[in-house]
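Chains as they are written, first to last, in my numbering: chain A, 1347 to 1504; chain B, 1497 to 1750.
For every residue, glycine included, the Cβ atom is placed at its ideal position computed from N, Cα and C.
This is how it looks when you write it as structure tokens:
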């Protein structure tokens, strides 16, 4: 039950947040909460363990807290940044599964275009039809199809 | 195909309540029973729904920071919708009281209506919710400071004051010289104060649940969205109390 819910949550996030390649500024599409746990600790007294911050944390919340204490944000996977992707040096988009929805906004400045959406699949690099930016997928999670896509027979709903 | 709870039981309760309510108000046989069953079903639905929310959040850890934004914004918007609702009721009161019609004597309060002295129970019943609001703020600070026992005591104080308010309000209703059927004065007075009282009862229940959860250790200083929602609701209820006090009890009785 836990695993199924967690994969559904990640799949929701993949679909809800498109990737913005080549934008160094924070994505305007998300409601990223501004107050973090770390910002409230003194610089010389950073607690190292989840137990110090929130002893009853479990599940996803615990993962998020652990990541924050290590200085990372688990939602970073949704905001890939990098130089314009070419065939020789493609733009790499990370994903927990074998495919995810990606949006290409074009290159910097004048070469921007309206966002073009596409499914980026493992082993199938994709070229943006407008600006020819080249993307490949890097699977960093369990792989497989995102939750909700592999039910061919509609025998139960969630 | 799965138990009934997995399909949403809500509509049945809503249907039974509304149909039963109409039947009851038009004196059809079985109306009261259907209404009661519907209300019980709605309460049951609420219980299992929020029990599941607590399971998913506190016990399973699904409520990461981003997920928490949903209930936060959602609850704020809900309170805004409640403000709109109560605003409508107070507007109804002002509509009738600011320009009293000739049928009621051209004066407000209408001719023949005896009003309550605002300096007695109504004033006390305005100070009590304000104090209760202070108590819930005390509880919040206790939670943020990690003083778990004190937070429980503060919530007990909050709920006790709320129950005293409800008791006094009930007594006031019992002793009131007019009823809801007493022309427009009674209508607006009892609708506004009645719905406010209903919201107080809801807020009290919410605070009791928070008190129980705090006692059980669900609320931490980093994460207590449910408590914050209860506190916001409680402040909304106690601020709203000021409006009927000033405009209906005090000004409306002069």
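Test: residue i CB closer than 9 Å to a CB of chain A
i: residue 1554 of chain B; result: yes
i: residue 1648 of chain B; result: no
Range of the contiguous alpha helix (DSSP H) that encloses residue i
i: residue 1626 of chain B; result: 1617–1640
i: residue 1736 of chain B; result: 1721–1739
i: residue 1645 of chain B; result: 1644–1671
i: residue 1687 of chain B; result: 1679–1712
i: residue 1571 of chain B; result: 1561–1594
Where residue i meets chain A, residues with beta-carbon distance less than 7 Å
i: residue 1654 of chain B; result: Ordered by position in chain A, no residue passes the 7 Å Cβ test against residue 1654 of chain B, which lies about 23 Å from the chain.
Under 7 Å from the C-beta of residue i: neighbouring residues of chain B
i: residue 1405 of chain A; result: 1556, 1557, 1558
Residues that residue i contacts on chain A, provided the C-beta gap is smaller than 8 Å
i: residue 1713 of chain B; result: 1402
Sub-9 Å separation of residue i and residue j beta-carbons
i: residue 1604 of chain B; j: residue 1681 of chain B; result: yes
i: residue 1719 of chain B; j: residue 1591 of chain B; result: no
i: residue 1692 of chain B; j: residue 1742 of chain B; result: no
i: residue 1662 of chain B; j: residue 1697 of chain B; result: yes
i: residue 1494 of chain A; j: residue 1444 of chain A; result: no
i: residue 1722 of chain B; j: residue 1706 of chain B; result: yes
i: residue 1516 of chain B; j: residue 1541 of chain B; result: no
i: residue 1481 of chain A; j: residue 1431 of chain A; result: yes
i: residue 1562 of chain B; j: residue 1421 of chain A; result: yes
i: residue 1415 of chain A; j: residue 1440 of chain A; result: no
i: residue 1740 of chain B; j: residue 1688 of chain B; result: yes
i: residue 1672 of chain B; j: residue 1612 of chain B; result: yes
i: residue 1711 of chain B; j: residue 1648 of chain B; result: yes
i: residue 1570 of chain B; j: residue 1538 of chain B; result: no
i: residue 1438 of chain A; j: residue 1450 of chain A; result: no
i: residue 1745 of chain B; j: residue 1625 of chain B; result: no
i: residue 1455 of chain A; j: residue 1477 of chain A; result: no
i: residue 1638 of chain B; j: residue 1630 of chain B; result: no
i: residue 1628 of chain B; j: residue 1610 of chain B; result: no
i: residue 1600 of chain B; j: residue 1679 of chain B; result: yes
i: residue 1511 of chain B; j: residue 1622 of chain B; result: no
Residue-level contact to chain B via CB, residue i, 9 Å cutoff
i: residue 1492 of chain A; result: no
i: residue 1454 of chain A; result: no
i: residue 1366 of chain A; result: Confidence is the limiting factor: at residue 1366 of chain A the pLDDT is only 45, short of 50, which leaves the residue's position unreliable and the question unanswerable from this model.
i: residue 1388 of chain A; result: Bear in mind that a pLDDT of 46 at residue 1388 of chain A, under 50, signals an unreliable position, so the model cannot answer this.
Extent of the continuous beta strand (DSSP E) to which residue i belongs
i: residue 1449 of chain A; result: 1445–1452
i: residue 1403 of chain A; result: First-last for residue 1403 of chain A: undefined, no H or E at that position.
i: residue 1532 of chain B; result: Per DSSP, residue 1532 of chain B belongs to no beta strand (DSSP E); it is in the alpha helix (DSSP H), 1527–1550.
i: residue 1520 of chain B; result: No beta strand (DSSP E) contains residue 1520 of chain B, which is instead part of the alpha helix (DSSP H) from 1506–1521.
i: residue 1422 of chain A; result: First-last for residue 1422 of chain A: undefined, no H or E at that position.
i: residue 1485 of chain A; result: 1480–1485
i: residue 1438 of chain A; result: 1437–1441
i: residue 1466 of chain A; result: 1458–1467
Contact test: residue i Cβ vs the ligand SAM heavy atom, cutoff 8 Å
i: residue 1725 of chain B; result: Ligands are entirely absent from the displayed structure, and the ligand SAM is therefore not among its contents.
Q: Spell out a yes or no on whether the stretch 1586–1606 of chain B and the stretch 1651–1665 of chain B are touching, meaning 3 or more CB-CB pairs, one atom from each, closer than 8 Å.
A: The stretch 1586–1606 of chain B is not in contact with the stretch 1651–1665 of chain B.
Q: Say whether the stretch 1720–1731 of chain B touches the stretch 1698–1707 of chain B, bearing in mind that this needs 3 or more beta-carbon pairs closer than 8 Å, one atom from each stretch.
A: With the cut-off at 8 Å, the stretch 1720–1731 of chain B and the stretch 1698–1707 of chain B touch.
Q.
Does the structure place the stretch 1402–1409 of chain A close enough to the stretch 1545–1562 of chain B that three or more beta carbon pairs sit under 8 Å?
A. In short, these stretches touch, since the Cβ pair count reaches three.
**Q.** Stretch-stretch touch, CB-based, cutoff 8 Å, three pairs: the stretch 1684–1695 of chain B with the stretch 1574–1592 of chain B
**A.** Below 8 Å, enough C-beta pairs join the stretch 1684–1695 of chain B and the stretch 1574–1592 of chain B to call them touching: three or more.
Q) Can we say the stretch 1420–1430 of chain A touches the stretch 1467–1475 of chain A, given the rule of at least three CB pairs closer than 8 Å? A) The stretch 1420–1430 of chain A vs the stretch 1467–1475 of chain A: no contact.
Q: Determine contact between the stretch 1570–1577 of chain B and the stretch 1640–1647 of chain B, defined as no fewer than three beta-carbon pairs at a distance below 8 Å.
A: With a cut-off of 8 Å on Cβ pairs, the stretch 1570–1577 of chain B is not in contact with the stretch 1640–1647 of chain B, counting fewer than three such pairs.
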